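Read through the structure below, which is laid out as structure tokens, and then see the notes.
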Amino acid sequence: MTHQPDHNPGSEEFTAHLGTETTFFRDLVENALDGFVTLDSSGTIVFSNRAAERLFGWFDDGLVGQSIVELFPDRLRDAYRASFQQLVHDDSQETDHEYVERIGLHKDGSELSLAFSFYEHQYDGKRLFTALVRDISERKQRETELKNTKEKYAKLIETAPDAIFITDAETGIIEDVNQAAVSLTSKSRKELCGLHQSELHPPEQEEQYTVIFQEHVERDGVRGDSTDVIQHGVNQYIIHDNGERIPVEISSGVTELDDKTIGQGIFRDISDREERKKELRHERDLTERILETSPIAIGVFTPDRQLVRANEQVAEILGVSVNQLMRLPSLYNDFTLYDSENRPIDPNDGLLAEVIDTGLPVYDYEAVLERADEERCWISLNAAPLWSPDGELEYIILVGEDISDRKEREEAIEQHRDHLKTLNRINRLIREVNQTLVRTTTRNEIETSVCERLAASDLYQDAFIGERSLPSGGIEPRTGANMNGIYFDLLDEADSAETSTGGAAEAIRTQELQLIRSIESDPRFPDLLREEALANGYRSVLCVPLVYGETTYGVLVVHASRSDAFSEREQAVFEELSETIGYAIHAAESKKLLHTDSHYELTFDLTETTAFFITASADLQCSITLEDLVPSTNKELLYYITLENAPVDSFLEMARQQSIVKKARCISAESESSLLEIVFVGASTSPQVLIERGARIKHAKVTEGTGSFVAEAPADADIRALTDAVQSIHPNAHLTMKQEIKRSLPPLRRQHARITHQLTDRQQASLTAAYNAGFFEWPRESTGEEVANSLGVSAPTFHQHLRASERKLLAAFFGEAETLTSTSFLTV
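In case it helps, our numbering puts the sequence shown at residues 53 to 880.
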């Protein structure tokens with residue numbers, strides 16, 4: 053169709069001429085799908101078909117006569133006009149089929165992508181340019197989308213964390229790689245491109261990977277685009293630029309790209325995964341080693357309480373091999389747990405049940421295990437749940453150990469604690485007994501109070517003190533407390549021969565404690581008394597000898613209802629009590645001489661003995677007179693003697709050579725006589741054994757190998773026992789005289805006795821030793837340090853005892869001075 057604007061006469065001529073064209077040509081152009089636009093050299097449109105009008109939104113001959121630039125956006129018109137003018141005026145450039153792409157402008161203002169194909173022709177001598185115009189918007193959109201897609205995938209490939217290698221499927225040559233491939237191999241793109249894919253792998257595996265690659269190409273070429281993980285049962289590695297082997301997981305595929313078959317390989321660095329696998333294997337091996345070498349038992353149970361894993365320690369505790377344990381349907385059929393009260397523990401209430409029910413670990417669960425062989429042991433268990441990744445209870449770990457030894461130790465500690473409590477009660481009891489002994493003055497009071505205190509305690513049932521009867525050596529009771537009447541009567545009326553072999557008699561003979569742990573079975577307990585003793589609830593008995601020095605004053609017999617009574621520590625306490633009672637009895641017996649109106653004087657002849665003073669006086673042809681005796685510590689006696697007609701140095705030298713002499717010194721020396729101090733140690737002198745038995749030395753003198761001494765003993769003393777004691781030291785000593793002395797003490801003598809009674813043994817010894825050693829003379833014949841050394845105490849201790857005794861003497865003196873004027877004294 054021809055459109056002719058009214059204002060352009062040239063167009064009318066051209067239109068008229070076109071009218072002569074054949075109808076066929078006109079219909080062909082008018083009905084073409086593509087737009088046709090004819091321009092003159094100025095760029096004015098001289099012809100357009102319907103397709104062009106539809107394309108630009110111009111109708112009713114609107115395009116003819118318009119400048120071509122009107123079909124473009126304002127921003128592009130100048131550039132497009134210049135381009136057209138260049139086309140028109142550039143003779144060197146052919147315009148036939150000149151193809152350009154432009155952005156067109158629809159009449160409604162929208163833009164569209166267009167493709168122009170220009171060709172130049174002459175018509176009626178005029179130079180014309182006809183353009184075939186095609187809307188390429190959809191194509192451009194597809195191209196843009198394709199470009200964006202390619203850029204997107206290129207970016208994805210480039211930024212992918214895995215290494216990607218693009219190869220020629222036919223040759224296996226690498227054509228492209230991403231950055232991850234560069235990083236993985238530490239080779240540049242240039243170095244990687246051109247390599248054969250097999251060269252990525254260790255040299256010894258190149259052929260193997262060539263075959264693998266070819267297999268994948270053939271298989272995937274048939275299936276089309278695909279990607280598969282290569283798994284050939286071998287470890288896959290890629291070689292780093294430094295020669296290091298890097299473990300990889302390879303996925304490969306084949307696809308068509310630009311009419312070319314390419315292969316793509318995705319290499320994932322699995323170094324961390326392999327390292328983790330290695331760590332897991334190491335942890336598993338370590339767990340196995342821990343399981344096998346653990347000193348404690350470890351077992352693994354399923355939630356249905358089936359044992360699935362156990363170490364040898366489990367087998368050791370249960371007494372069954374691990375293989376046998378694994379075959380057992382349930383451990384509860386062969387093993388039983390008991391609580392501390394020896395009650396069977398129901399499996400539904402046990403340790404595993406608690407973990408299953410609560411999902412929480414349980415610690416320090418202790419129970420008694422009874423094995424299939426009925427042997428029992430204490431075990432301590434800890435249990436903890438093990439959860440699966442999806443939060444389900446998968447296993448229960450049970451850890452246990454045999455704590456029988458620990459339980460025994462705890463029981464021993466508990467027993468020890470009980471023993472300590474008992475011992476503390478005993479110590480309190482002993483202190484009470486000691487306090488009682490301080491207030492008693494006679495032997496009978498001492499023995500009675502001791503028995504009463506012991507029997508009053510809930511530790512013991514009763515107590516009595518007995519003595520040896522002669523000549524059988526049996527036991528006769530002297531006093532007792534809380535004694536069963538029938539039992540005591542049996543004991544009192546028993547033939548002494550029947551008790552002469554019992555524990556009490558043995559204690560007197562040996563001067564050692566005798567413990568009868570079981571009255572029922574110990575043969576040392578007299579048969580005559582056994583039945584009644586058991587009927588009274590007696591289970592054990594302790595026989596304690598009452599000894600002072602070498603003198604035995606009897607035996608303390610204590611009955612208990614406990615078979616475990618009288619532990620070693622308890623016995624040690626009773627040994628101390630024995631010494632205390634013995635000393636108290638000795639002190640009471642010794643003071644009888646101060647308070648009785650009659651006593652015995654015993655004269656012993658030592659002439660035929662080897663006593664030191666006898667032999668020394670014979671050797672030196674001198675006389676030795678005993679001035680005083682002072683008992684010191686540790687069975688030591690201080691002798692104060694007068695030496696006449698003998699050189700002091702010679703005598704002291706002879707004394708110091710005696711094993712029984714600890715010290716010897718001269719206190720004062722005159723021309724014919726000297727006062728000496730000799731310290732004898734041990735129970736090896738006759739005065740010592742007599743003092744221990746309640747006697748005291750009144751006088752002693754030896755002259756040139758002949759001599760005797762006089763001892764005073766209480767009126768009720770056993771003279772035979774005293775004689776035996778002297779002869780145990782000097783077998784050739786003889787008792788030459790025994791005389792009973794009646795006396796009536798004058799008032800001053802009685803006052804002296806009362807004062808002496810107020811002094812302790814240490815105070816009296818310190819005062820007597822100081823007096824005899826010349827401590828009170830002026831100038832002093834002995835210093836305080838010398839007297840203290842002789843007594844075997846420190847100087848401060850000596851002065852403390854001395855001042856205490858002086859204070860008591862002065863108090864008595866001044867107090868007596870006030871009573872001298874009283875009528876009570878005048879009437880004495």
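Glycine included, each C-beta is placed from N, C-alpha and C at the ideal position.
Small disclaimer: the values here were computed from a predicted structure and weren't measured.
Burial is judged here by how many other beta carbons sit within 10 angstroms of a residue's own beta carbon; F111 has fewer than 16 and is exposed. Every alpha helix (DSSP H) stretch that sits fully inside the stretch 205-278 and reaches 4 residues is listed by chain position as 231-237, 241-244, 258-275. Distance check between P683 and each of S592, S642, S100, A233 places S642 closest, using alpha-carbon atoms only. Per DSSP, S165 is one residue of the beta strand (DSSP E) stretching across 163-175.
K715: member of the beta strand (DSSP E) spanning 713-721, first to last residue. Listed in chain order, the beta strand (DSSP E) elements of length 3 or more contained wholly in the stretch 583-621 are 592-600, 603-612. Residue L608 holds the alpha-carbon nearest to the alpha-carbon of Q566 among L608, D813, S738. When secondary structure is reduced to three states using DSSP, Q791 falls in the strand class. A distance below 8 Å between beta-carbons, with the five flanking residues on each side excluded, links L774 to the following residues of its chain, in chain order: L654, L742, R745, A747, A763, A765. Following the DSSP letters along the chain, one finds Q566 inside the beta strand (DSSP E) bounded by residues 566-568. For T354, there is no enclosing beta strand (DSSP E), as DSSP gives it neither H nor E. Taking a contact as a CB-CB distance under 8 Å, the pair G295 and F265 does not count as one, their CB atoms being some 23 Å apart.
Fully contained in the stretch 367-394 are the following beta strand (DSSP E) runs of length 3 or more, in chain order: 388-390. Listed in chain order, the non-local C-beta contacts of G109 below 8 Å within the same chain comprise H158, K159, D160, local neighbours out to five positions each way being set aside.
The alpha-carbon of V778 is positioned some 13 Å away from that of E660. DSSP places P399 in the helix class (H, G or I) of the three-state scheme. The residue from L403, F387, N434, T410 with its alpha-carbon nearest to that of E427 is F387. Distance from the CA atom of K192 to the CA atom of S165, rounded to whole angstroms, is 7 Å.
When beta bridges are read from the DSSP output, V420 appears opposite Y390, W430. When the five nearest sequence neighbours on each side are left out, the beta carbons in the same chain lying within less than 8 Å of the beta carbon of V596 are those of A559, L565, V607, L608, V609, V610, F626, E627, L629, S630, in order along the chain. Residue state for Q316 is assigned as strand, using DSSP reduced to three classes. Here T201 carries a helix assignment [DSSP, helix/strand/coil]. Straight through space, the alpha carbons of N200 and V116 are spaced by roughly 39 Å.
Take K790, set aside five residues on each side of it, and the residues of its chain with a beta-carbon closer than 7 Å to its own are Y652, L654, I771, in chain order. Straight-line spacing of the CA atoms in L252 and I290 works out to 6 Å.
Separation of the CB atoms of A822 and L854 is rounded to 6 Å, and the pair is thereby assigned contact status at 8 Å.
Two segments are said to touch when three or more pairs of C-beta atoms, one from each, lie closer than 8 Å; by this definition the stretch 166-184 touches the stretch 89-97. Bridge partners of H751 according to DSSP: V762. Non-local beta-carbon contacts of A508 in its own chain, meaning distances under 8 Å to residues more than five positions away in sequence, involve A533, N534 in chain order. DSSP, reduced to helix, strand and coil, places F827 outside both helices and strands of the structure shown, so it counts as coil. Non-local C-beta neighbours of T492 in its own chain, meaning closer than 8 Å and more than five positions away in sequence, comprise I498, S501, A636, A640, ordered along the chain. If you check the CB distance, S760 and D657 come in under 8 Å. Within the same chain, V89, T90, L91, L115, V116, G117, Q118, S119, I120 come within 8 Å of I97 by CB-CB distance, once the 5 residues on both sides are set aside.
Take N101, set aside five residues on each side of it, and the residues of its chain with a beta-carbon closer than 7 Å to its own are M53, V81, E82, A84, G87, F88, in chain order.
Looking from the CA of F516, the closest CA among D510, F540, T494 belongs to F540.
The C-alpha of G351 is placed about 44 Å away from the C-alpha of T474.
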